[in-house]
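Below is one structure; the comments refer to it alone.
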Amino acid sequence: MNKNFSYLILGLLSIVGCSNDDDSNSELQTKTLTINLQGLEDLGNDFKYEGWVMVDGTPISTGTFDVDANGDLSQNEFEIDSNDLDAATAFILTIEPDPDPSPDPADSKYIAGAFTGTTALVDTNFGPAPGDFTNASGSFFLRTPTDETMGNNGNDESGVWFGLPGMPPTADFTLPVLPDGWIYEGWVVGDAGPISTGTFTDFDTRDSGNPFSGTQNNAGPPVPGEDFFNNLPMGESLPFSVIGRNVVITVEPVPDNSPAPFTLKPLAAIANSMTAPNAQNFNNNVAATFPTGSVVRE
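Per my numbering, residue 0 is the first one in the sequence shown, and the count goes up by one each step.
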């Protein structure tokens with residue numbers, strides 16, 4: 000064989016070998032991220048949960064998943080670029096529309112936590128999540144101001160308002176100011192299910208509406224709440240009494256995944272028979288309704 004030709008063959012083999020080595024070295028190396036969360040609810044068909052790790056201040060998606068009616072995750076292990084996972088400083092869980100028009104995280108950043116070693120303990124009290132509800136408290140009172148054109152009509156058990164009664168009533172919530180992507184909503188549980196009293200972000204102004212109230216030219220006091228006189232949902236009957244019913248404050252994602260109450264229910268109480276000028280206290284409901292858990296990287 001021609002000596003020069005032999006050198007040529009050896010050179011080509013050497014190049015091919017180097018090329019194969021480079022290809023193997025360039026393969027993506029991954030590690031496993033395991034999500035262990037309890038208390039998440041089924042978001043329905045139009046929304047999904049999405050995880051994110053923060054790397055040098057930039058959110059990197061770890062993937063999406065669903066949760067069934069039993070609270071079980073459709074997937075809890077995700078393969079992530081090993082360099083990104085090693086460098087991650089925090090984990091954030093968001094609620095995303097499905098289909099999702101944006102590659103960026105939604106405003107509804109649900110629970111989050113910082114990595115300490117291989118583990119991040121996550122809750123609502125970290126970074127961009129809704130806030131600290133540990134000491135959540137508040138008051139409500141029974142009164143029907145939207146039909147009081149000539150004074151009290153003696154039907155105060157048909158209305159509930161959030162705050163302290165007075166002239167005018169005043170706010171009485173110990174709750175965090177919510178970040179973008181979240182809003183408060185009041186509820187009374189009727190015979191046929193929860194009835195919304197409206198959404199709000201401020202505690203000392205009226206809420207988003209009064210669809211069940213009395214005279215439409217009387218929107219009520221400058222606090223969130225509702226009277227129940229008109230247009231009640233199917234399955235509810237008049238006269239409607241709040242006494243003996245569960246009164247609840249929830250934290251809802253924006254946009255909202257469902258017309259039903261979201262799982263975050265920081266305040267709840269069964270209304271007793273005391274009407275204004277008496278106030279009733281909410282109970283802190285955080286331990287029973289807020290999600291908990293951890294995220295572990297390999």
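Quick reminder that beta carbons are idealized off the backbone N, C-alpha and C, glycines included.
Whose C-alpha, out of the options, is nearest the C-alpha of residue i?
i      : options                          : result
PHE172 : ASP55, LEU27, THR249 and THR274  : THR249
PHE139 : MET273, THR288 and VAL294        : MET273
SER257 : GLY116, SER195 and ASP106        : SER195
PRO254 : ASN280, TRP181 and ILE79         : TRP181
THR148 : PHE46, GLY219 and GLY224         : GLY219
THR57  : ALA89, ARG205 and ILE79          : ALA89
PHE211 : GLY197, ASN230, PRO167 and ALA86 : ASN230
GLY130 : TYR109, VAL66 and ASN82          : TYR109
PHE64  : GLY292, THR123 and GLU49         : GLU49
ASP80  : VAL66, VAL54, GLU95 and SER101   : VAL54
ASP203 : VAL121, GLY292 and GLY165        : GLY165
PHE161 : ALA87, PRO276 and LEU42          : PRO276
Classify residue i as buried or exposed, calling it buried when 16 or more other Cβ atoms lie within 10 Å of its own Cβ.
i      : result
PRO260 : buried
VAL222 : buried
LEU27  : exposed
ASN35  : exposed
THR115 : exposed
GLY224 : buried
LEU237 : exposed
ASP45  : exposed
ASN82  : exposed
GLY150 : exposed
Please return the same chain residues whose Cβ sits closer than 6 Å to the Cβ of residue i, not counting the five positions on each side in sequence.
i      : result
GLU40  : THR262
GLY126 : ALA111
ASN283 : ALA135
GLU76  : THR31 and THR33
CYS17  : Low per-residue confidence applies at CYS17: pLDDT is 38, beneath 50, and the placement is therefore not dependable enough to give any value.
GLY213 : THR145, ASP146, ASP226 and PHE228
GLY189 : GLU235
PHE199 : TYR183, ASP206 and PRO223
GLU251 : ILE182, GLU184 and PHE261
Pull up the DSSP beta-bridge partners for residue i, would you.
i      : result
ALA316 : The requested residue 316 does not occur in the structure, where the chain is confined to residues 0 to 297.
SER212 : Per DSSP, none; premise fails for SER212.
PRO58  : MET53
ILE91  : TRP51 and ALA111
VAL176 : According to DSSP, which records beta bridges pairwise, VAL176 is partnered with nothing at all.
ALA119 : PHE114 and VAL294
ASN298 : An answer regarding residue 298 cannot be provided, because it is not within the stretch 0 to 297 covered by the chain.
If you measure between the beta carbons of residue i and residue j, is that distance less than 7 Å?
i      : j      : result
ALA128 : LEU174 : no
THR169 : LEU163 : yes
LEU72  : LYS30  : no
ALA278 : GLU235 : no
ALA268 : PHE281 : yes
ASP99  : ASP179 : no
ALA113 : VAL294 : no
Go through its chain and collect everything with a Cβ distance to residue i's Cβ below 8 Å, but skip five positions before and after it.
i      : result
THR288 : GLY38, THR262, LEU263, LYS264 and PRO265
ASN152 : THR143 and ASP146
TRP51  : PRO58, ILE59, SER60, THR61, PHE90, ILE91, LEU92, THR93 and PRO104
VAL285 : PHE132, THR133, ALA135 and PRO265
THR117 : VAL295, ARG296 and GLU297
Identify, in the order they occur along the chain, each residue of the same chain with its Cβ nearer than 7 Å to the Cβ of residue i, setting aside the five sequence neighbours on each side.
i      : result
GLU156 : LEU141, SER240, VAL241, ILE242 and THR274
VAL187 : VAL159, ILE194, THR196, VAL241, ARG244 and VAL246
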